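Worksheet for the structure shown next.
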Amino acid sequence: MRIVLYGGAGYLGTVATRHLTELGHQVTVVDGLIYQRGDDPARLLPSASTFIQADLRDPAALRRAATGADAVVHLGGLVGEPACALDETLAVELNYASPVLAAEVARTAGVKHVVFFSSCSVYGHHDGTVDEDTTPNPLGIYARTKVLAERTLTGLLNDRALTVLRLATVHGRSPRQRLDSVANRMTAQALATGRIPLNGGTQRRPLVHVADVADVLAQVLTTPDGHRTFNVGADRENYTIAEIAQTVQQAVPGCRIDAGPERDEADARDYRTSFARLTAAFPGACPTPLSHGVREVADAVQAGDLDHPDLPEYDNLVGLKNSLADGRIRALADDDCTRLHADYTRTSWSVR
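In my numbering, the protein residues as written are 1190 to 1541.
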């Protein structure tokens, strides 16, 4: 199968590219490498893949990659509310305009299947357990762009297969490592300082290992079937923030948890997620426990494979700040981005 991964040189994408090429697929990666200078695609990606460095808002580059493809996967963009808050216009362009442009190009090019990486963050704050039929409750720019992209792609691709993957919070090792997601960050901090800062503790989060996400992607790519939305993770991998910290503490003997306020006022997300639909479609999906990803990161830090865990290359927020300051990334506000930004500005977010 000929597969295009838009944003395929990132934390998730590099793992997915390796997995898909090992399965025998022809993979083309399109990525702008926006977070730091000097990223070497040869280091990040397998030689069996094809790499195109291009802006994911460039329809010509999207079209060049999509021509002749069986499926396109959009997993690029800014991750998390802090990153999106640095420049809301840029966030809308990368998280909403880019996947819509990719879908428009895919439809014109005759691509049969589009996969869009969304997030369980769309649920925001909910009592009880949420599933794919729960009304989204986006609490910030990141979640809003994901919700809007899901809606627009559903209407745009009404005549072909669309799979939306709402990911739990990802952890574990990757060729393009991140240490700014909650479990990875706690693990790196525990080893570097002997302490695990804990803001809040009762908020609930689902977690998923990065390799499990790549495997789910491979399975959905080989089973296109109309319009589908899946939460990606496992029911047993729902944790409170305090439980994540305790898992890290067990893996890093001698470290201590530094508890802060009972609630993290900067992050109101709190939800328990059902993954029953994914399990029914793909029995055995997402088997890797949180403890395994924590151990992977801890071993890599202790072995020196992750030098200086506080470096900007491991933190997308810091990397984005540097890219903005250096002028390596900016909002384009060109005709396409302006057209699609208007969708965002006129959308009401009172959706519950």
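Where is the CB? At the ideal position from N, CA and C, for every residue including glycine.
Keep in mind that this is a model prediction, so the values were computed, not measured.
Exposed unless 16 or more other CB atoms sit within 10 angstroms - verdict on residue i
| i | result |
| --- | --- |
| Gly1269 | buried |
| Asn1347 | exposed |
| Gln1242 | exposed |
| Glu1211 | exposed |
| Thr1382 | exposed |
| His1416 | exposed |
| Gly1197 | buried |
| Gln1392 | buried |
| Leu1500 | exposed |
| Thr1376 | buried |
| Gly1317 | exposed |
| Gly1493 | exposed |
Start-to-end residues for the alpha helix (DSSP H) that takes in residue i
| i | result |
| --- | --- |
| Leu1546 | For the chain, the structure presents residues 1190 to 1541; residue 1546 sits outside this window and is missing. |
| Tyr1200 | 1200-1211 |
| Gln1491 | 1479-1491 |
| Tyr1331 | 1330-1345 |
| Asn1511 | 1505-1515 |
| Arg1252 | 1248-1255 |
Residues that DSSP places opposite residue i in a beta bridge
| i | result |
| --- | --- |
| His1416 | Leu1351 |
| Arg1393 | Thr1429 |
| Tyr1195 | Val1219, His1263 |
| Ile1446 | Ile1385 |
| Leu1356 | Ser1308, Val1421 |
| His1398 | His1360 |
Bounding residues of the beta strand (DSSP E) (the contiguous stretch that carries residue i)
| i | result |
| --- | --- |
| Gly1317 | 1314-1319 |
| Gln1242 | 1239-1242 |
| Thr1462 | 1459-1462 |
Pairwise C-alpha distance: residue j and residue i
| i | j | result |
| --- | --- | --- |
| Pro1498 | Leu1368 | 7 Å |
| Ala1237 | Phe1306 | 23 Å |
| Val1421 | Ala1520 | 30 Å |
| Ala1589 | Arg1466 | Coverage of the chain is limited to positions 1190 through 1541, which leaves residue 1589 absent and any answer about it impossible. |
| Val1303 | Ala1295 | 8 Å |
| Thr1536 | Leu1495 | 42 Å |
| Lys1301 | Pro1235 | 25 Å |
| Val1540 | Gly1266 | With a pLDDT of 45 at Val1540, under the threshold of 50, the modelled position of this residue cannot be trusted; read the value that follows with caution. Those two C-alpha atoms are separated by around 23 Å. |
| Glu1293 | Leu1345 | 7 Å |
| Asn1373 | Cys1475 | 18 Å |
| Gln1408 | Phe1471 | 8 Å |
| Ala1286 | Leu1264 | 13 Å |
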